[in-house]
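Undergrad: In terms of the working numbering, the sequence shown is residues 38 to 759.
Positions of the beta carbon are idealized from the N, C-alpha and C atoms, including for glycine.
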Amino acid sequence: MNRTFTALFVSFTMIAAASADRVSPLLNDMPRLHWQEKAPGVWSAVIGEEEAFTYMDFAGASPKVEALEKMPAVVFPFVKEDTRGAIAANRAVARIPLAPEEKLYGLGLQFQGMNRRGKVYHLRMDHYSSGNERLHAPVPFYVSSAGYGVLFNSPRYIAIYAGVGNRHDSPEFPAPRDRNTDGHWDAQPASDAVEASVVSGGMEVLVFAGPTPLDAIRRYNLYCGGGCLPPKWGLGFWHRMRTHADAAEVLKEVDDFNKRGFPLDVIGLEPGWHSKAYPCTYEWNPMLFPQPADFLNAMTAEGIGVNLWENPYVSPDAGIYDAIKPYCGSHTVWLGIVPDFTLPEAREIYKTQHAGTHVALGVSGYKVDEVDGYDFWLWPDHAVFPSGTSAEVMRQTYGLQMQKMQMEIFRAQNRRTYGQVRASNAGASNYPFAIYTDHYDHRGFVSALINCGFSGVLYTPEIRSAGSPEEWVRRMQTVCFSPLVQLNGWADNTKPWTFEEVENEVREVIKLRQRLLPYMYTAFGRYHFEGTPPIRAMVLEPGYEAAEIVEAGRLDGTDNPYAMAVRKDVADQYMFGDCLLVAPLFTRQKSRDVILPRGRWYDFYTGNYAGGGEVVNVTAPLNQIPLFVKDGGIIPMIPDVDRIAGMGNDTPLEIRHYGETPSTAMLYDDDGVSFDFEAGRYCWQEMTVTRNSQGGLDGRLSEPIGNFVPAYGEATWKFMTK
């Protein structure tokens, strides 16, 4: 044993009867973890002293125990005796077993690939948009292909060795090979564990059983209070104005949308609406919005929500500055003081001001910026906060705290909100916010959408600009199949019709998004009540068999001196809801390969058979994004609407069925604006397709099941496959 290794583990300590645990000749300087079931299928173990606050404490959500009880009965997903934990020097260390064939997914908002195995992650909240460690949502939760999930529930910077590193006393220590003579020598021998550590006196580890990977994700989301259920209008089209737009310009923009026949549901105001920003006053700019109440009344009359940009750093000129200053940290951001929102006094000052001067006037939500990083903008790690919360913990959870606080403002008025946030973390599943970033690689957009589904967060690949009309359309199509569809013209003053030669194509896909409202809203209903993410990776879809592509490493004395293999995931297609497969096209791409899971799949637009259990090459005209529906898929749609908020109570339904298989799907509805659904005011309806005596198919929509009369009127069935 080398000296470094010896020094690292000689200081391992563990309270309680450590000697009784040390019965194995292997790993016997890391005592076994002791697990307690905290909810159905969810187990907890604490290493050392439990943290004063965990991610779950900051999020504040209560587990949906009743929904967890309805999930399949499960046992602990691996051998408990193989899980270990200890305090090593100043670090809490956990070791979770890992089988050779397992793949690992998750770890937050990732822009590159899916399988996290074989890499090291030092997860830390930050602004960076391309790395795999400094992230807008560094969620320390991973899901295994073996059908379980693990959360390291410590709100600190965390190091995760995802199948990297081999203890000499490991039960599965691989046989050493000689590089000089053995052609199978590997620079990175397989490891039989995930190891994680934080600089702390303790850490909680939570394990979520499956039995499938999707079930493990569902348990995690339900443990966090269930997925968010946005208001219906939040699923419509959003448009952000240029930074210094005034009230008259905003109202003219709305008129332009009306004249051009573009749907519009939310207008976003950027920093100029403040009397001062960077740092912020949270007060209306009297030059741009002299009568904010009149402006908001006019927007409400149009059926359009107003979303306000802000960051949480308080300007000396803000009306709340003197009141909130005693509850702020030692350092500033852009010379604005940083409230310690772990203190109830600071939260109350913020919430009272926002509720009175924004929300009460009709503001529909917020875009919370700059709560992620960079190091040279945010407070340093040695900053001091009056609550005693460390700067590290504050940084990891500040975006989470902002989401919780804003949710409370709207909940007090029984109004749902939907917004954007620049930072999130574990426990945020229940909060109606989508993360946005400055990352602008189109393929990275899709990878981020896919990876967020593993981690209980939402992501919007908002569109800002494009280098060509084709790119504009292809980006818009991807955005329209995301949790929040937004054009952000804050800097370039772009409009949906900026490239006039493709105005019709852009309008067409936005209208398709609006028409899919019942399908999308049902997907979010399942997210809330069952924990099923509305957008998810293909590896979570039954029958999908896309393998990770592993290319043998090519020896290069400069770039690859250890001949490391190159691993690539297929991360450019995903499931949108239960039965719709989305395969975006990218600029200058006339066709693409799509991996269809086993079974029969059909073209969304025509209903024609597309294939199943195979790779198909597809082409699509500029006005179409490739979409496929599984056999028996049922998709409810509505007619074209300009405003979701203006939908009537008898909106007709077109219910599409694809393929040849009789099937049943559920349709969810509630009032779409309030929290009354939490008190039981919602309903489900069964959409059932059966085969009739002539061999054809018939469709039936059941009476509502629940305490709510749905907003939908007459249903017309359309059988797409002839």
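Which residues in the same chain have their Cβ closer than 6 Å to the Cβ of Gly200, if we skip the five residues on either side of it in sequence?
TA: Here the question's residue 200 lines up with position 163 in the sequence shown. Contacts found: Leu135, Arg154, Gly155, Ser228.
Undergrad: Do you know offhand how far Cys265's Cα is from Ser519's?
TA: Counted from its first residue, the sequence shown places residue 265 at position 228. Counted from its first residue, the sequence shown places residue 519 at position 482. Straight-line Cα distance between these residues: approximately 15 Å.
Undergrad: In terms of DSSP beta bridges, what is Met612 paired with?
TA: Taking the first residue of the sequence shown as 1, we reach residue 612 at position 575. Arg573, Leu618.
Undergrad: Quick check on Leu272 - is its C-beta less than 8 Å from some C-beta in chain B?
TA: The structure shown contains no chain B; it is built from a single protein chain.
Undergrad: Check each candidate in Ile572, Ile304, Ser730, Phe745 and name the one with the smallest Cα separation from Gly717.
TA: Working through the sequence shown from its first residue, we reach residue 717 at position 680. Nearest option by C-alpha distance: Phe745.
Undergrad: Quick check on DSSP: helix, strand or coil for Val746?
TA: Residue numbering aside, residue 746 sits at position 709 when the sequence shown is read from its first letter. DSSP places Val746 in coil when its eight states are reduced to three.
Undergrad: Using DSSP with H/G/I as helix, E/B as strand and the rest coil, what is Pro363?
TA: The residue labelled residue 363 in the question sits at position 326 within the sequence shown. Reduced to three states, the DSSP call for Pro363 is helix.
Undergrad: Checking 8 Å against the spacing of the C-beta atoms, do Leu664 and Val619 come in under that value?
TA: As a working mapping, residue 664 is identified with position 627 in the sequence shown. As a working mapping, residue 619 is identified with position 582 in the sequence shown. Yes, Cβ-Cβ distance for Leu664 and Val619 is below 8 Å.
Undergrad: List in chain order: all unbroken beta strand (DSSP E) runs of 3+ residues lying wholly within the region 298-369.
TA: Within the region 298-369, the complete beta strand (DSSP E) runs of at least 3 residues are 303-306, 342-347.
Undergrad: Ignore the nearest five residues each way along the sequence and tell me which others in Gly122's own chain have a CB closer than 6 Å to its CB.
TA: To locate residue 122, count along the sequence shown from 1; it is residue 85. Within the same chain, Gly122 has close Cβ partners Leu70, Ile84, Ala131.
Undergrad: Need the endpoints of the alpha helix (DSSP H) that Phe447 sits in, please.
TA: Within the sequence shown, the letter at position 410 stands for residue 447. Residues 428-449.
Undergrad: For Tyr818, which residues of its own chain have a beta-carbon under 6 Å away from its beta-carbon, when the five flanking residues on both sides are left out?
TA: Since the first and last residues shown for the chain are 38 and 759, residue 818 lies out of range.
Undergrad: In whole angstroms, what is the alpha-carbon distance linking Gln328 and Tyr411?
TA: Along the sequence shown, one-based indexing puts residue 328 at 291. Along the sequence shown, one-based indexing puts residue 411 at 374. Roughly 36 Å separates the two Cα atoms.
Undergrad: Compute the beta-carbon to beta-carbon distance between Ser683 and Gly298, rounded to the nearest angstrom, for a pair I have assumed lies under 8 Å.
TA: Along the sequence shown, one-based indexing puts residue 683 at 646. Along the sequence shown, one-based indexing puts residue 298 at 261. The sequence given here places Gly at residue 683; Ser does not occur at that position. No, Gly683 and Gly298 are not in contact; Cβ-Cβ is about 15 Å, not under 8 Å.
Undergrad: Check whether the Cβ atoms of Val8 and Ser367 lie closer than 8 Å to each other.
TA: Residue 8 is absent from the model: the chain starts at 38 and stops at 759.
Undergrad: Indicate the three-state DSSP secondary structure (helix, strand or coil) for Arg59 in the structure shown.
TA: Indexing the sequence shown from 1 puts residue 59 at position 22. Residue placement at Arg59 is poorly supported in this model, since its pLDDT is 36, which falls under 50; the coordinates still yield a value, given next. Three-state DSSP puts Arg59 in coil, outside helix and strand.
Undergrad: Using only CA atoms, which one of Arg728, Ser739, Phe245, Gly685 lies nearest to Trp721?
TA: Locating residue 721 in the sequence shown gives position 684, counting from the first residue. Among Arg728, Ser739, Phe245, Gly685, the Cα nearest to that of Trp721 is on Ser739.
Undergrad: For Ala55 and Ala125, what's the separation of their Cα atoms in angstroms?
TA: As a first step, residue 55 must be located in the sequence shown, where it is residue number 18. As a first step, residue 125 must be located in the sequence shown, where it is residue number 88. Because the pLDDT of Ala55 is 35, which lies under 50, any placement of that residue in the model is unreliable, and the question is left without a value.
Undergrad: Between Gln147 and Ser484, which are expected to be in contact by the criterion C-beta below 8 Å, what is the C-beta distance as a whole number of angstroms?
TA: The residue labelled residue 147 in the question sits at position 110 within the sequence shown. The residue labelled residue 484 in the question sits at position 447 within the sequence shown. Going by Cβ atoms, the distance from Gln147 to Ser484 rounds to 7 Å, so yes, they are a contact pair.
Undergrad: Under three-state DSSP, which class holds Glu540?
TA: Within the sequence shown, numbered from 1, the residue matching residue 540 stands at position 503. Three-state DSSP puts Glu540 in a helix.
Undergrad: Going by C-alpha distance, which of Arg563, Val510, Thr559, Val516 is nearest Val539?
TA: Residue mapping note: residue 539 aligns to position 502 of the sequence shown, counting from 1. With distances taken between Cα atoms, Val539 lies closest to Val510.
Undergrad: Could you check where the beta strand (DSSP E) with Lys404 kicks off and where it finishes?
TA: The residue labelled residue 404 in the question sits at position 367 within the sequence shown. Unbroken beta strand (DSSP E) run through Lys404: 402-405.
Undergrad: Should Ser730 be labelled buried (16 or more other beta-carbon atoms within 10 Å of its own) or exposed?
TA: Numbered from its first residue, the sequence shown carries residue 730 at position 693. Under this definition Ser730 is an exposed residue.
Undergrad: Check whether the region 254-268 and the region 93-103 touch, using three or more Cβ-Cβ pairs below 8 Å as the test.
TA: Enough Cβ pairs lie closer than 8 Å, so yes.
Undergrad: With a CB to CB cut of under 6 Å and the five nearest residues on each side skipped, what residues in its chain are close to Gly247?
TA: Numbered from its first residue, the sequence shown carries residue 247 at position 210. So the list reads Gly184, Tyr185, Ala253, once near-sequence residues are dropped.
Undergrad: For Arg277, does the three-state DSSP call read helix, strand or coil?
TA: For the purposes of this step, residue 277 is identified with residue 240 of the sequence shown, where counting begins at 1. Here Arg277 sits in strand by DSSP.
Undergrad: What's the C-alpha gap between Asn654 and Phe189?
TA: In the sequence shown, residue 654 corresponds to position 617, counting from 1. In the sequence shown, residue 189 corresponds to position 152, counting from 1. Cα-Cα distance, rounded: 41 Å.
Undergrad: How many Å lie between Asn525 and Glu429 at the Cα?
TA: Translated into positions along the sequence shown, residue 525 becomes position 488. Translated into positions along the sequence shown, residue 429 becomes position 392. Each residue's Cα considered, the two are about 31 Å apart.
Undergrad: For Lys627 and Leu549, what's the separation of their Cα atoms in angstroms?
TA: Indexing the sequence shown from 1 puts residue 627 at position 590. Indexing the sequence shown from 1 puts residue 549 at position 512. Rounded to the nearest angstrom, the two C-alpha atoms are 22 Å apart.
Undergrad: What would DSSP say about Phe482, mapped onto helix, strand or coil?
TA: As a working mapping, residue 482 is identified with position 445 in the sequence shown. Three-state DSSP puts Phe482 in a helix.
Undergrad: In chain order, what residues of the same chain have a beta carbon less than 6 Å from the beta carbon of Tyr435, not counting five sequence neighbours either side?
TA: Sequence index remark: in the sequence shown, residue 435 carries index 398 (1-based). Excluding sequence neighbours, Tyr435 sits near Val408.
Undergrad: Mind checking Gln73: buried by the 16 CB within 10 Å criterion, or exposed?
TA: Locating residue 73 in the sequence shown gives position 36, counting from the first residue. Exposed, by the Cβ-count rule.
Undergrad: Is the CB-CB distance between Tyr142 and Ala463 below 8 Å?
TA: Position 105 of the sequence shown, counted from the start, is the residue given in the question as residue 142. Position 426 of the sequence shown, counted from the start, is the residue given in the question as residue 463. No, Cβ-Cβ distance for Tyr142 and Ala463 is not below 8 Å.
Undergrad: For the alpha helix (DSSP H) holding Phe561, just list the boundary residues, first then last.
TA: Here the question's residue 561 lines up with position 524 in the sequence shown. 554-567 is the span of the alpha helix (DSSP H), which, as asked, contains Phe561.
Undergrad: Are Thr698 and Asp668 touching if we call contact CB-CB under 8 Å?
TA: One-based indexing of the sequence shown puts residue 698 at position 661. One-based indexing of the sequence shown puts residue 668 at position 631. Their beta carbons are under 8 Å apart, which means Thr698 touches Asp668 by this criterion.
Undergrad: Do Pro469 and Gly456 count as a contact pair if the criterion is CB distance below 8 Å?
TA: Working through the sequence shown from its first residue, we reach residue 456 at position 419. Working through the sequence shown from its first residue, we reach residue 469 at position 432. Yes; because the gap between Cβ atoms is below 8 Å, this pair is in contact.
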